[in-house]
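These notes are about the structure you will find just below.
Residue numbers (the numbering used here): 1489 to 1556.
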């Protein structure tokens, strides 16, 4: 596949994620719509959307839907 696995702690925000996406020149990003920690919901898809905004080389964002 040639896939690179990179986990980014959601608390670091979109700039840290964007930096890793740019470094890997990722064409596909995989995320969940939300994450849960200590009873709180984190909007992961929104963080990814901000990170990939304007990156022409990102072709696809695959989203695993956890929130109903």
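Ideal Cβ positions, reconstructed from N, Cα and C, are used throughout, including at glycine.
Check: Which of the three DSSP states is assigned to residue 1520 in this structure?; Outcome: strand
Check: How about residue 1526: is its Cβ closer than 7 Å to a heavy atom in the ligand NAD?; Outcome: With respect to the ligand NAD, the structure shown offers nothing to examine, as it has no ligands at all.
Check: Determine the closest residue to residue 1519 out of 1531, 1545, 1490 and 1499, with distance taken between C-alpha atoms.; Outcome: 1531
Check: Classify residue 1534: buried if its beta carbon has 16 or more other beta carbons within 10 angstroms, exposed otherwise.; Outcome: exposed
Check: Keeping to the same chain, check which residues put their C-beta closer than 8 Å to that of residue 1522; ignore five residues upstream and five downstream.; Outcome: 1529, 1530, 1531, 1532, 1533, 1554 and 1555
Check: Which same chain residues, not among the five before or five after residue 1516, have their C-beta less than 7 Å away from its C-beta?; Outcome: 1547, 1548 and 1550
Check: Do residue 1492 and residue 1539 have their CB atoms nearer than 8 Å?; Outcome: no
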